[in-house]
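The opening residue of the sequence shown carries number 0 in numbering that gives the first Met the number 0; numbering runs sequentially from there.
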Amino acid sequence: MPDYKAPLREIKFVMDELLDMPSHYASIPAYAETATPEMVDAIIAEGARFCEQELAPLNRVGDTEGCVRNEEDGSVKTPTGFKEAYAKFVEGGWPSLAHEEEWGGQGLPESLGIVISEMVGSSNWSWGMYPGLSHGAMNTIEMHGTQEQKETYLTKLVTGEWTGTMCLTEPHCGSDLGILKTKAEPNADGSYSITGTKIFISAGEHDMAENIVHIVLARLPGAPEGTKGISLFIVPKQLPNEDGSVGERNAVSCGSLEHKMGIHGNSTCVMNFDGAKGWLIGPENKVLNCMFTFMNTARIGTALQGSSAMEASFQGALAYAKERLAMRSLTGQKAPEKAADPIIVHPDVRRMLLTQKALNEASRALVYFASQQNDIVKKAESEDERKEAEELLSFLTPIAKAFLTEAGCEATNLGMQVYGGHGFIAEWGMEQLVRDTRIATIYEGTTGIQALDLLGRKVLMTQGASLRRFTKIVHKFCKAGGSSRQVTKMQKALAEVNKEWGDLTMKIGMGAMKNRDEVGAAAVDYLMYSGYVVLGYFWARMAEVAQQKLDAGTTEEAYYKAKMQTAQFYFDRILPRTKAHAVAMTAGASSLMDMAEDDFAFL
Ligand SMILES: Cc1cc2nc3c(=O)[nH]c(=O)nc-3n(C[C@H](O)[C@H](O)[C@H](O)COP(=O)(O)OP(=O)(O)OC[C@H]3O[C@@H](n4cnc5c(N)ncnc54)[C@H](O)[C@@H]3O)c2cc1C
């Protein structure tokens, strides 16, 4: 596999030409002065250098070495080089990029932070999870912490001196947090004693920072059952001293490390809280209200795993397909001077590469678009604008999270397939991408759970209003027509599925009135259908941009032609997948639910 190369041209295409980020930043007073085009370009270029030179070379090291727990004291050693790379990351000021200046951040937009996260993710996802998890902790404290909590914890997280975790999952529950058992008993000094076991905690213990700030979900005595009785707590590994320095060790420790399929460089810990000292964040028993505010960011962050893995896998597959020789082209030899033609001449290899490329480029557009909405939610001046963006983002989030991670698995598998048997061999790096990416469809809400969120909570519970908000945008774009017959044809195909999306929703909604299982039975097909339409929208928009550039006589003709060709590939060969999903989602629940549990297998 070739070394990772940051796709700067593609990033620029989406940032500047598709989403017009320069005008977007200029229109938001908080960013107008800081996120100037020169500053944005310089940050992206420096981020690219860091990812290519510092992080990418450690990706395989992380996979082969993994993390090691010291049996004596429960400390965890990260793979060779991880700690040093993190020190450079902190020194470069990267953790503070998109955080508030008040807490030591640089006050730059989240949508710029996501570009850096994409490059970090493509070059070394396991490493990126350490600062990535801090992000969740920072957002929680920023939104719900007291002034004192912000001064004590947020400032250290923002500089990157300390890292954070999110401790939700317990041995008996992950999707259903309503049944979690970790307890929080009040102490006389206003703190709480936290007791319980959390599992699968990413970055729960490591040697990269002097302190780890755990955000823990736990129940207060007498709290109502279910999700309405969960509260949030800050539980530091080391208790902070008055002056902010690291003090006494808290009663929280890593009981063991999980042995897992991928992301070996990231520590996945069983965390034991043995009466650890913690402090309540936000109101008692209102965890869900607190979580919803940052869930969109966290989920877009996981969507990025699918997207960034596609880029890494595509880069490897493309280079290999140009070099590997096998048989002759069906239409006559293309490299007569060689023993055989490079495999890129074969239609099926092109199918795989173009599927990767088409999913990858549109996924970047969706993630950046979602982040652009996030900037508006955080910083737009008008309340109406913020509300509109929040609703749009909330609708797109489960689609981005679940669809892009599923697509990430498909794309990395295709990348491995392009390598043939060599794809299965570790030294090429392609099987690592498959293994590392697989978890993305599971954590931060499984595909099934995201699908229920989309169809149940976001669409049906709003009587379709959230769907209509997006389909109206698509409709308006399609109605405006394209700059060429080719683009207009794409818009026509898009308009058809856009309309069908609403019809299918109505149909499922009607069925759900009689039988609630109809929602669960349709949900994942509905989500996948939605993903293909959303990516179709971005492809049609990208095609329109490319067409306009071609019409204007660009000096980059080959680049924009390739964009048009990839868009055409998407409309010819990927968007039609909606048809199968439409049939499946309206097939009803009976073929899923009629079989008795005992009849699933006769062994
Ligand atoms: C490597 C790794 C890192 C992780 N990092 C963290 C972390 O940092 N912090 C943290 O708190 N957790 C973390 N997790 C946990 C992760 O978020 C959970 O594993 C995930 O939420 C699923 O929960 P579960 O494993 O309990 O599966 P379950 O909830 O038991 O789900 C099992 C299956 O049932 C399905 N299912 C459950 N309920 C429904 C329903 N109502 N309708 C339809 N299908 C349903 C699910 O989709 C899934 O397919 C991590 C996990 C791993 C493996």
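Cβ atoms here follow ideal geometry from the backbone N, Cα and C, with glycine treated the same way.
Contact under 8 Å by Cβ, residue i with residue j
i	j	result
Tyr-528	Thr-577	yes
Leu-279	Tyr-191	yes
Leu-17	Ala-364	yes
Gly-407	Gln-304	yes
Leu-466	Pro-397	no
Thr-181	Val-234	no
Thr-504	Gly-463	yes
Leu-176	Ile-229	yes
Leu-57	Trp-126	yes
Ala-410	Thr-354	yes
Ala-379	Leu-395	no
Gly-557	Met-541	Note that residue 557 is Ala in the sequence shown here, rather than Gly. Against a cut-off of 8 Å, the Cβ pair of Met-541 and Ala-557 comes out as no contact.
Arg-327	Ala-339	yes
Ala-588	Asp-502	no
Tyr-536	Leu-493	yes
Met-429	Gly-419	no
Ala-539	Met-489	yes
Val-473	Leu-574	no
Thr-196	Pro-223	no
Arg-68	Val-75	yes
His-143	Cys-289	yes
Distance cut-off 7 Å: residue i Cβ against heavy atoms of ligand 1
i	result
Leu-353	no
Ser-22	no
Thr-162	no
Met-584	no
Lys-259	yes
Ser-230	no
Gly-444	yes
Ser-255	no
Cys-166	yes
Cys-172	yes
Thr-604	Examination of residue 604 is not possible in this model, given that the chain is present from 0 through 602 alone.
Phe-199	yes
Leu-503	no
Gly-587	no
Met-447	Before going on, a small fix: residue 447 reads as Gly here, not Met. Yes, the beta carbon of Gly-447 sits closer than 7 Å to at least one heavy atom of ligand 1.
Gly-519	yes
Leu-451	yes
Leu-303	no
Leu-132	yes
Ile-441	yes
Ile-438	yes
Chain-order list of residues whose beta-carbon lies under 6 Å from that of residue i (same chain, five-residue window excluded)
i	result
Ser-122	Tyr-3, Cys-50, Leu-54 and Ala-55
Gln-546	Ser-482, Ser-483 and Val-486
Arg-434	Met-260 and Gly-261
Phe-402	Gly-530
Thr-164	Leu-132, Ile-200, Ala-202, Gly-203 and His-213
Met-20	Met-14
Ala-25	Ala-31
Val-157	Ser-95, His-98, Trp-102, Gly-103 and Gly-104
Nonlocal neighbours in the same chain, by C-beta distance under 7 Å from residue i, ignoring five residues either side
i	result
Glu-543	Gly-481, Ser-482 and Val-486
Lys-377	Glu-109
Leu-317	Leu-352
Ala-600	none
Met-207	Thr-77, Phe-81, Lys-82, Tyr-85, Tyr-129 and Thr-162
Pro-185	Tyr-191
Whole-angstrom C-beta distance between residue j and residue i, which should lie under 8 Å
i	j	result
Gly-508	Leu-459	5 Å
Ile-178	Tyr-367	Incorrect: roughly 37 Å between the Cβ atoms, too far for contact.
Val-245	Ala-275	Not a contact, Cβ separation roughly 15 Å.
Glu-499	Ala-586	Not confirmed; about 16 Å, so no contact.
Ser-393	Lys-457	7 Å
Val-89	Glu-160	7 Å
Ile-193	Phe-272	4 Å
Ile-342	Ala-320	5 Å
Ala-439	Thr-301	6 Å
Spatial neighbours of residue i in its chain, beta-carbon cut-off 8 Å, leaving aside the 5 residues before and after
i	result
Glu-117	Ile-10, Leu-303, Ser-306, Ser-307, Glu-310, Arg-363 and Val-366
Thr-226	Leu-176, Gly-177, Val-286 and Leu-287
Ala-47	Ala-5, Leu-7 and Met-118
Pro-346	Leu-329
Asp-642	Past the boundaries of the shown model lies residue 642; the chain is included only from 0 to 602, so the question cannot be answered.
query = Where are the alpha helix (DSSP H) runs, 4 residues long or more, that stay fully inside the segment 406-486, in chain order?
reply = Runs of the alpha helix (DSSP H) spanning 4 or more residues and lying entirely within the segment 406-486 occur at 429-437, 446-451 and 464-478, in chain order.
message = Suppose only complete runs of 4+ residues qualify. What are the alpha helix (DSSP H) ranges in the segment 154-187, listed by chain order?
response = Restricted to the segment 154-187, the alpha helix (DSSP H) segments that are unbroken, complete and at least 4 residues in length are 154-158, listed in chain order.
request  = With a floor of 4 residues, list each alpha helix (DSSP H) that falls wholly inside the segment 69-117, ordered by position along the chain.
outcome  = Counting only runs of 4 or more, we get 81-90.
message = Restricting to runs no shorter than 4 residues, where is the alpha helix (DSSP H) found entirely within the segment 283-322?
response = Entirely contained in the segment 283-322, the alpha helix (DSSP H) runs reaching 4 residues are, in chain order, 286-322.
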